[in-house]
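A quick write-up on the structure given underneath.
Number of protein chains: 2
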Amino acid sequence: MQVSLIPVATAANPDVLHETTTIVFDVLRATSTIVTALASGYRRVYPVADAGTALVMAHKHGFVPAGERGGDKIAGFPHGNSPLEFIGGPNVGISNDAQKCNVLILTTTNGTKAIRWAESAYKVFTGSLLNARAVAQAVLREGLDVSLVCAGTGGRFSLEDTLGAGFVFMEIMKHLNGEDSSRLAAGMAVDDLPIAAYELARFYYHDPLSGLMAGRHGQRLLRRGLEDDLRWCAQLNRYDIAPVLSGEFITTGNDYTKQ
Amino acid sequence: MQVSLIPVATAANPDVLHETTTIVFDVLRATSTIVTALASGYRRVYPVADAGTALVMAHKHGFVPAGERGGDKIAGFPHGNSPLEFIGGPNVGISNDAQKCNVLILTTTNGTKAIRWAESAYKVFTGSLLNARAVAQAVLREGLDVSLVCAGTGGRFSLEDTLGAGFVFMEIMKHLNGEDSSRLAAGMAVDDLPIAAYELARFYYHDPLSGLMAGRHGQRLLRRGLEDDLRWCAQLNRYDIAPVLSGEFITTGNDYTKQ
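Residue numbers (my numbering), protein chains in the order written: chain E, 1 to 259; chain U, 260 to 518.
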């Protein structure tokens with residue numbers, strides 16, 4: 001099994017994902033928000049690259065639009081991109097149709113674009129610190145080569161996405177080596193980039209929050225008073241859910257969750 | 260001051276180096292070998308991308324050819340790319356012209372190509388663990404933005420080059436912050452990639468050899484019985500020399516060395 005890491009999704013050619021199981025990371029905050037929403041009662045999340053499209057879809061179907069641009073909530077959107085907004089689950093009281101309120105339309109600066117970019121993969125999961133172990137186990141079940149895809153920030157390398165990929169790679173190694181994550185399992189081929197990500201994960205293992213605070217984007221969110229978002233996203237393995245892209249939307253993928 | 264890190268030299272556009280002071284890293288082993296040779300009595304090292312050109316130059320001028328391809332010594336070359344071959348200094352006994360024996364023509368798979376690729380920078384230094392502090396101080400003296408350029412291995416991300424860049428970034432931070440390397444100095448702008456490299460350096464600070472052993476290329480050298488090369492290259496700040504490209508060749512750059 002080969003494990004590759006793509007440091008900035010949209011800067012690469014998506015052909016590299018061909019016949020691999022892919023995990024997309026936008027740890028601050030899209031993929032952390034997706035797993036939080038799915039764990040809190042939302043049934044589907046539509047990742048949509050364009051804000052206008054998101055609003056049209058939401059109005060047409062009665063779904064809930066959410067998203068940000070440059071970290072700010074989009075004008076006219078009831079929700080931004082903070083996972084904390086979705087912990088309470090869908091507000092079914094505001095509509096007579098609970099089915100529709102269960103559906104989120106999410107558009108973000110980097111994350112939803114990266115998920116759409118990854119569509120050519122055999123299967124696309126979304127990963128974060130919150131569900132590192134769950135997605136590691138999900139991709140191992142597929143038995144294919146694995147692509148860890150970091151969304152990056154504005155087309156540039158992102159520390160927190162690489163850290164997320166490192167934690168998942170650590171969980172893959174633990175699973176294959178029985179808690180000993182310090183050596184590669186037999187038959188595993190990796191570049192140096194997953195190894196560097198893994199070493200970052202080891203470095204921040206006992207304090208993932210420091211890792212999320214160390215990058216530029218984390219610093220920007222801190223300056224906006226969003227430390228609670230970082231604290232939320234820094235919880236390792238809170239959820240046993242591997243969100244998976246199924247056509248146009250992301251679900252818990254019943255095969256992959258024990259919740 | 261902005262500090263950038265280019266993870267794989269030849270995969271990027273060299274225009275990004277414009278008006279920056281640049282440090283090129285091929286830690287295993289070209290840039291470790293260059294500083295070792297200069298510290299041991301060689302006066303100049305010509306980095307030459309092509310092996311044929313290297314041999315022609317060596318014969319024409321009586322210089323000493325050295326180099327490798329894929330880690331193996333090149334046929335017809337008296338020296339490979341191990342720093343240990345040059346510790347003894349130039350063998351002036353084999354020639355009547357000590358001046359010529361003092362000059363090395365070096366051609367390697369990744370390192371010399373990366374040095375040539377970086378030529379458009381304002382000034383090009385070569386860095387390694389052996390001289391991390393020296394090159395950090397040298398680039399700070401220039402007062403320009405800094406580009407940390409990793410040679411990479413076969414066009415791919417290299418753990419040991421990134422680690423070398425991280426150690427230099429650590430020394431830059433120490434210098435600016437007075438031994439406190441844990442925060443950015445005022446006016447310093449960095450992407451997440453130098454920060455990730457810096458965290459790698461912190462992780463391996465007390466055991467740099469483990470870092471050199473963790474990457475693919477280090478593993479390959481170990482399999483060839485070259486552990487002593489890795490041990491040599493893992494010595495942090497052994498030399499107070501900042502090799503600098505001056506036209507076609509690299510010298511100690513008298514301005515930058517106290518040896």
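C-beta atoms are modelled at their ideal positions from N, C-alpha and C, and glycine is treated no differently. All values derive from a computational prediction rather than experimental measurement.
Please return the same chain residues whose Cβ sits closer than 7 Å to the Cβ of residue i, not counting the five positions on each side in sequence.
i, result
"V427 (chain U)", "I282, G386, A391, V394, A395, L407"
"A501 (chain U)", "F384, N390, A393, V394, A397, G512, Y515, T516"
"L403 (chain U)", "E278, T279, T280, Y381"
"T109 (chain E)", "E68, R69, G70"
Is the CB-CB distance between residue i and residue j below 8 Å?
i, j, result
"E419 (chain U)", "G474 (chain U)", "yes"
"G321 (chain U)", "F336 (chain U)", "no"
"F462 (chain U)", "R303 (chain U)", "no"
"A493 (chain U)", "L471 (chain U)", "yes"
"L388 (chain U)", "G423 (chain U)", "yes"
"V146 (chain E)", "M1 (chain E)", "yes"
"D26 (chain E)", "A151 (chain E)", "yes"
"L28 (chain E)", "G218 (chain E)", "yes"
"G88 (chain E)", "S40 (chain E)", "yes"
"E458 (chain U)", "L200 (chain E)", "yes"
"L104 (chain E)", "W232 (chain E)", "no"
Hey, out of the options, whose CA is closest to residue i's CA?
i, options, result
"Y381 (chain U)", "U:V275, U:T269, U:G321", "U:V275"
"V8 (chain E)", "E:M170, E:E171, E:T162, E:H217", "E:T162"
"T31 (chain E)", "E:A12, E:F125, E:V139", "E:F125"
"L226 (chain E)", "E:V3, E:Y46, E:D72, E:Y42", "E:D72"
"M170 (chain E)", "E:A186, E:Y205, E:G187", "E:Y205"
"R238 (chain E)", "E:T36, E:I6, E:V3, E:S4", "E:T36"
"I6 (chain E)", "E:R224, E:I195, E:A54", "E:I195"
"T251 (chain E)", "E:A54, E:V3, E:Y42", "E:Y42"
With a threshold of 8 Å between beta-carbons, can residue i be considered close to chain U, or not?
i, result
"L193 (chain E)", "yes"
"L212 (chain E)", "no"
"E199 (chain E)", "yes"
"R156 (chain E)", "yes"
"T162 (chain E)", "yes"
"A196 (chain E)", "yes"
"G215 (chain E)", "yes"
"L176 (chain E)", "no"
"L159 (chain E)", "yes"
Quick one: using the 10 Å Cβ neighbour count with 16 as the cut-off for buried, is residue i buried or exposed?
i, result
"T257 (chain E)", "Only weak support is given to the placement of T257 (chain E): the predicted model assigns it a pLDDT of 40, under 50, and the value that follows is read from those uncertain coordinates. Buried, by the Cβ-count rule."
"P324 (chain U)", "buried"
"P208 (chain E)", "buried"
"P349 (chain U)", "buried"
"R400 (chain U)", "exposed"
"G70 (chain E)", "exposed"
"G425 (chain U)", "buried"
"D451 (chain U)", "buried"
"K113 (chain E)", "buried"
"Q259 (chain E)", "Legend: pLDDT at Q259 (chain E) = 35, less than 50; position of this residue unreliable, no value from coordinates given."
"N13 (chain E)", "exposed"
"G437 (chain U)", "exposed"
"A189 (chain E)", "exposed"
"A54 (chain E)", "buried"
"G446 (chain U)", "exposed"
"G370 (chain U)", "buried"
Closest Cβ-Cβ distance between residue i and chain E: below 8 Å?
i, result
"R461 (chain U)", "yes"
"L481 (chain U)", "no"
"T386 (chain U)", "Before going further, note that residue 386 (chain U) is Gly rather than Thr in the sequence given. It does not: the Cβ of G386 (chain U) has no partner Cβ on chain E nearer than 8 Å."
"R490 (chain U)", "no"
Short of 6 Å in beta carbon distance, which residues of its chain neighbour residue i, apart from the five on each side in sequence? Order them along the chain.
i, result
"S246 (chain E)", "none"
"R375 (chain U)", "A308"
"S341 (chain U)", "D488"
"L495 (chain U)", "L388, P467"
Output needed for residue i: all residues of its chain with C-beta closer than 8 Å, excluding positions within five of it in sequence on either side, in chain order.
i, result
"A270 (chain U)", "G411, G414"
Using only the heavy atoms of the ligand SAM, determine whether one of them is closer than 7 Å to the beta carbon of residue i.
i, result
"F384 (chain U)", "Because no ligand of any kind appears in the structure shown, any question about the ligand SAM cannot be addressed here."
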